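Letter by letter, the sequence shown follows residues 0 to 417 in numbering that gives the first Met the number 0.
Yeah, the Cβ is synthetic: ideal placement off N, Cα and C, and Gly gets one too.
Note that the coordinates shown come from a computational prediction; the quantities given were computed from them, not determined experimentally.
Please read the structure below before turning to the comments.
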Amino acid sequence: MSRITALTAIEILDSRGRPTVKAYCSLDSGITAEAAVPSGASTGTAEALELRDGDPKRYHGLGCRKAVENVKTTIHAALAGRDFANQRQLDTALLQLDGTPNKAKLGANAILAVSLAFARAQAAEAGLPLYRHFAAMSETTPRLPMPTINLFSGGKHAGGQVAIQDVLVVPVAARTMDEAMNMTYNVYLAAAKLTGEKYGTRPLKADEGGLAPPFPNVETMLGDAVEAIGRAGYRAGSEVALAVDVASTHFYAGEQYHLDGQVLSSEVMVARLMSWIERYPIISVEDGLAEDDWAGWQAFYQAAHGKVMVLGDDLLCTNPARIERAQSLKAADSLLLKVNQIGTLTEALLSYQTARSADWRVVVSARSGETEDSWLADLVTGWGGDYIKVGSIMQSERLAKYNRLLEIEARDGIRMGA
Ligand code: PGA
Ligand code: ZN
């Protein structure tokens with residue numbers, strides 16, 4: 000039983016310089032723990048609501064003072080002085096207090112910050128590293144994920160030079176996190192050199208630290224990634240594979256896909272995705288189709304299931320009901336889990352377990368607007384997620400997570416894989 004004595008919050012800035020929420024949870028044992036929440040740019044329409052002030056005089060309307068006030072007043076007043084046996088009880092109280100289907104009253108940013116700060120406070124009270132507390136919550140054995148790491152970016156995270164959002168490297172031959180990071184570093188350096196030679200550009204970086212030269216089309220972007228893997232001395236496919244986040248919701252309009260100067264029907268888009276899978280060593284395709292093109296997703300699943308992960312981000316929004324729908328329609332076979340898409344740890348765990356119940360793979364993901372908080376590394380390790388997707392290795396808000404994984408490996412001996 001943990002009795003909350005105080006909940007408070009402040010506004011801090013994320014990696015794009017935009018406000019976000021950091022909450023503090025104090026327990027009567029004397030422990031105070033904190034947690035900061037991230038924010039997306041390539042957001043799905045079914046995501047929980049991130050409460051923004053809308054005051055054009057502060058941060059172009061993006062201020063989070065209302066969310067901060069909600070923690071300090073409404074949430075503090077309702078929860079301080081109460082005992083909570085576990086995360087579920089705390090999150091249920093938060094959901095009841097909000098009372099809306101998408102957390103519009105208090106804000107998912109306020110609610111999740113409190114949910115996470117409470118988890119950290121409970122872990123500290125139990126004397127456990129955060130990942131062990133998460134493992135106890137989900138009744139799983141901790142393990143380190145395989146990282147999927149941004150190499151090239153386009154779409155909403157870059158200048159839109161190429162429509163698709165990310166080409167990621169997956170160091171599949173790595174047996175340790177240490178090895179995975181070293182392999183990725185080698186590929187990243189080779190890619191920076193290659194794109195400098197080919198496009199004459201300095202290594203400009205997108206929101207998540209991926210390189211963003213002016214690729215003429217997606218095929219060149221994928222081909223350059225394969226070439227960089229080779230130049231770094233690895234076999235493309237068996238040692239370092241690729242994953243793509245197509246993020247196609249963001250170039251879908253009028254039921255057509257606007258890609259590389261062409262306008263594609265859903266059917267042709269599926270054929271295009273399949274041609275990339277045939278030509279390049281891709282193991283995962285995220286958001287290959289738009290979030291409301293369910294028929295397109297079903298067609299892609301029929302063609303690609305068993306060859307690559309058919310991974311849903313905007314489609315699923317870490318929402319158990321949408322995951323169940325995708326399972327019954329055979330529209331996807333893997334979940335991209337972003338905790339702030341749903342807004343409490345308990346609901347995110349339910350999404351995780353719903354995915355697992357159908358033998359889905361789970362990729363635990365950061366957001367493009369991140370903070371230096373590293374709770375995501377503990378969460379993926381504790382819950383035993385298959386992959387983590389955090390961005391490149393060149394920015395500290397990303398490295399906070401990678402470095403935490405390295406720490407869990409080096410100090411606690413937790414291993415990758417099964
Ligand atoms: P977001 O993008 O955090 O900007 O929504 C990440 C993704 O699409 O996976
Ligand atoms: Zn995505």
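Spatial neighbours of residue i within its chain, please: CB distance less than 7 Å, with the 5 preceding and 5 following residues excluded, ordered by chain position.
i: G342; result: A47, K102, A107, I110, L111
i: G158; result: A211
i: Q160; result: G153, A211, P213, F214
i: R15; result: D206, G368
i: W293; result: L328, A330
i: E226; result: L193
i: D54; result: G60, G62
i: V166; result: L150, F151, M220, L221, A224, L241, V243
i: A354; result: I322, L334, V361
Where does residue i sit, in a helix, a strand or coil, going by DSSP?
i: I228; result: helix
i: M393; result: coil
i: E346; result: helix
i: E124; result: helix
i: I413; result: coil
i: F250; result: helix
i: T194; result: helix
i: S373; result: coil
i: T139; result: coil
i: V113; result: helix
i: L404; result: helix
i: S14; result: coil
i: K204; result: strand
i: D165; result: strand
i: S152; result: strand
i: F214; result: coil
i: V171; result: coil
i: Q255; result: strand
i: L221; result: helix
i: Q340; result: helix
Within its chain, find whatever has a CB closer than 6 Å to the CB of residue i; leave out the 5 residues flanking it on each side and keep chain order.
i: D77; result: In the sequence as presented, Asp is not what sits at residue 77; that position holds Ala. The answer, listed in chain order, is L96.
i: I387; result: P144, P146, V363, V379
i: N216; result: D259
i: N141; result: Going by the sequence as given, residue 141 is Pro instead of Asn. Cβ neighbours of P141 beyond the five flanking positions: Y130, A134, T380, G381, I413.
i: S25; result: T4, A5, T31
i: R418; result: Because residue 418 is not part of the residues shown, which for the chain are 0 to 417, the question remains open.
i: S265; result: D292, G295
For residue i, which residues does DSSP report across the bridge?
i: G368; result: S38
i: E285; result: D244, L310
i: T147; result: K388
i: T333; result: First, the residue type needs correcting, since residue 333 is Ser and not Thr in the sequence shown. Note: S333 sits in a beta bridge opposite L310, R360.
i: C24; result: L6, A32
i: H304; result: V307
i: T19; result: I11
i: D82; result: R2
i: A235; result: V239
i: H75; result: Answer is none; H75 lacks a bridge partner.
i: V262; result: H257
Closest to residue i by C-alpha separation, out of the options, would be which residue?
i: G295; options: K337, L50, V267, A84; result: V267
i: R2; options: L94, E277, E124, R278; result: E124
i: A22; options: V217, R15, T31, V166; result: T31
i: L348; options: A118, G253, E218; result: A118
i: L129; options: P170, E33, K65, T200; result: E33
i: L241; options: Y279, Y251, G208, T219; result: Y279
i: T370; options: T353, D377, Y351, L398; result: L398
i: Q88; options: V113, A231, T194, V70; result: V113
i: P37; options: A409, L404, A365; result: A365
i: D244; options: D358, I74, A162; result: A162
Sorted by chain position, which residues of the same chain lie with C-beta nearer than 8 Å to residue i's C-beta, five sequence neighbours on each side aside?
i: A297; result: In the sequence as displayed, the identity of residue 297 is Gln instead of Ala. Only L328, K329, A330 meet the Cβ criterion.
i: R81; result: R2, I3, A92
i: K420; result: In the structure as shown, the chain starts at 0 and stops at 417, and residue 420 therefore has no counterpart that could be examined.
i: E218; result: W275, R278
Using 8 Å for Cβ pairs, my map puts residue i next to residue j. What's the rounded Cβ distance?
i: R174; j: M415; result: 7 Å
i: E422; j: V67; result: Residue 422 lies beyond the range of the chain shown here (0 to 417); nothing can be said about it.
i: A40; j: D206; result: 7 Å
i: K155; j: A302; result: K155 to A302, Cβ: 26 Å. No contact.
i: L335; j: E285; result: 6 Å
i: N185; j: S391; result: Actually they do not touch by this definition, with Cβ atoms about 14 Å apart.
i: S350; j: L310; result: Contact flag wrong, Cβ pair sits at about 14 Å.
i: F299; j: V262; result: That pair is no contact at about 18 Å.
i: T248; j: A289; result: 4 Å
i: K65; j: L50; result: 6 Å
Considering only heavy atoms of the ligand ATP, does any lie closer than 7 Å to the CB of residue i?
i: T42; result: Questions concerning the ligand ATP fall outside what the structure shown contains, since the ligands it does hold are the ligand PGA and the ligand ZN.
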